[in-house]
Amino acid sequence: MGIKRRHWAWAAAPLALALPAVTGCESTGTNTSTPDARAKPTAAPSSTPVARVCAKPAAGPAKAPAGAVTVDPAVVGDLAAKTESNPPNTTFWLRPGKHRLDPDRYAQVIPKEGNRYLGAPGAVLDGRKTNQYAFGGTARDVTIRHLTVQRFVAPHDEGVVNHDSADGWVIEHATIRNNSGAGLMAGARQRVRASCLRGNGQYGMNAYKATGRISGLVVEGNEITGNNTGDWERRRKGCGCTGGVKFWAVDGADVRGNWVHGNRGTGLWADTNNNDFRIENNVVEANDGAALIYETSYNAVIRNNTIRRNNWVEGRRQADRGDNFPFATVYLSESGGEPRIRARTDKIEIYRNVLEDNWSGITLWENADRFCNSPANTSSGDCTLLVRDTDRCAKPAIAEPPLYTDCRWKTQRVDIHDNRFALDKSVVKCTAQCDRMAVLANYGTYPDWSPYQGEKVAEAITHQQDNRWHDNVYLGPWKFVAHDPSRVLDFGQWQGKRYRQDAGSTLDPRAGG
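The sequence shown: position 300 = 1661 (our numbering), numbered continuously.
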């Protein structure tokens, strides 16, 4: 998993909700990268709403709703104590002011099933850099609205709100900011809407559940900005453990209408056995790394997104090191459509998106050495969704059907069409390596019992696995990479008899962004 790891490999139903949205907003991200290397977000097209919720959060109820229990900020630990002393399905109204838990690192609120927590205007739950968790436990169907949660110090890979990934939680009009670890964890049927996930140390949200899979996840209308302040990819090189949002083994997710910007690293990252995603109508811009990574995962629709000025920092860093890998803004790594896995689609379809002035475009990649039981599988211990018994993926059986196919994640059945790719190198401030569209693999070498050695995987991903670009518009000096990084093609070669890509597409190399 992760940008570094790929480099080393080479050597739910919508519900109605009024979402605050404006156009023409400027980023409020807190990324601290070198100024001349950072992208400056521009106004969105008038047709693209931007979820500017951090600057203008919706106000909560000024008075306690009927039957609600009032929580007093002057009483330390009042929220946790009243939660414990009241029955399930209780509504709590937090008065304006700064609410505090007991000064113990493990002090936290343990909701009961169906509890609702409503913040008045100015209500803040403050961990004071002392408490690790704000809301934990396994109670289902908890709601948190109009509350700011800040300055908690969750450990690496853990989260502050819904720490234990309980199911059915609703997080709406909340501000979760300036925490260590992940601001928010996720359980099944979780709804995260119109919230500000800002300036958290590792992730804005970590959609991870220790036992079982997450299904029916909705992430809608949020502003996700300035996360990974701890710069964890530098601290743990190649960890693949950062991003605005990270998804692990999520089966069914709708990610729509979000503004994902200014994060250190990747904006949205789905990693290891995710399936059935719809990623649509988002504005993803000015993230240091890729806008979107979809890794060792299956079946997705990626459509109607505005993706601009991403990957300037990480793409430039790799180019300056002399790396010729096409580090992309939309990166599909060992991911594709699989009809045998139930989803709303049986392919990965990428269409009607606008990609403007990013560091490169879309890369489809397979690591020939990454498969079940291989030491090169960075998702260690995991196997594909097609093989339940990982031990079966061993010689001699892996060399023959069905295991030859089923023991590896395959980048296949990817349909890229009706997108607009615009690149102005004077905006990106690059001369080379920022202009690539690619489908490729490495030369398989490892381990010695691998049946995928040599050019087998490179030939398959390029020619045999139904990966297609067509009916796209290219503006600017685009180049194309096929089979391996050394094969850099012009548009005519890309469209020609050998590769047969981008039928019905047009290229204007002088148009720029």
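Ideal Cβ placement from N, Cα and C applies to all residues, glycine included.
*Where does Leu1440 sit, in a helix, a strand or coil, going by DSSP?*
helix
*alpha helix (DSSP H) segment containing Ala1819, residue limits*: 1817-1820
*asked:* Once the 5 residues before and after Ala1872 are set aside, which same chain residues still bring their CB inside 7 angstroms of it?
replied: Leu1836, Gly1837
*Per DSSP, Gln1511 forms a beta bridge with which residues?*
Asp1487, Arg1538
*asked:* Is it buried or exposed, Ala1423, if we count other Cβ atoms within 10 angstroms and call 16 or more buried?
replied: exposed
*asked:* Please report the distance separating the alpha-carbon of Pro1396 from that of Asp1809.
replied: Residue placement at Pro1396 is poorly supported in this model, since its pLDDT is 34, which falls under 50; the coordinates still yield a value, given next. Going from the Cα of Pro1396 to the Cα of Asp1809 covers about 46 angstroms.
_Paired residues, beta bridge with Phe1852 - DSSP_ = Bridge partners of Phe1852: none, in fact.
*asked:* According to DSSP, simplified to helix, strand and coil, what is Asp1681?
replied: helix
*Quick one: complete alpha helix (DSSP H) runs, 4+ long, within the segment 1824-1868?*
1852-1856
_Where Arg1749 falls: helix, strand or coil (DSSP)_ = coil
*What's the gap between the Cα of Arg1701 and the Cα of Ile1759?*
19 angstroms
*Under 8 angstroms by Cβ, that's how I've got Gln1773 and Gly1865 pegged, so tell me the actual separation to the nearest angstrom.*
At roughly 22 angstroms, the Cβ-Cβ gap does not stay under 8 angstroms, so Gln1773 and Gly1865 are not in contact.
*Candidates Pro1757, Leu1440, Ala1500, of which the one nearest Leu1486 by Cα*: Leu1440
*asked:* To the nearest angstrom, how far is the alpha carbon of Thr1452 from that of Tyr1692?
replied: 43 angstroms
*Which full runs of the beta strand (DSSP E) of 3+ residues lie inside the segment 1615-1666, going along the chain?*
1620-1622, 1629-1632, 1636-1641, 1644-1646, 1653-1656, 1659-1664
*With Ala1568 and Val1611 assumed to form a contact (beta carbons below 8 angstroms), what rounded beta-carbon distance in angstroms separates them?*
5 angstroms
*Can you check whether the CB of Ala1799 is closer than 8 angstroms to the CB of Ala1819?*
no
*Coarse secondary structure for Asp1767, derived from DSSP in three states*: helix
*Enumerate in chain order the residues of its own chain whose CB-to-CB distance from Arg1552 is below 6 angstroms, with the five nearest sequence positions on each side excluded.*
Val1531, Val1579
*Exposed or buried, Gln1493, counting other C-beta atoms within 10 Å across all chains shown (16 or more means buried)?*
buried
_Taking 7 angstroms as the limit between beta carbons, can you name the residues of its chain near Gln1814, skipping five residues before and five after?_
Gly1805, Thr1806
*Taking DSSP as the reference, what is the three-state secondary structure of Ala1872?*
coil
_Please tell me whether Gln1917 and Trp1609 are closer than 8 angstroms, where the distance is taken between their beta carbons._
No answer is possible for residue 1917: it lies beyond the span of the chain, which begins at 1362 and ends at 1874.
*Decide if Tyr1467 is buried, meaning its Cβ has at least 16 other Cβ atoms within 10 Å, or exposed.*
exposed
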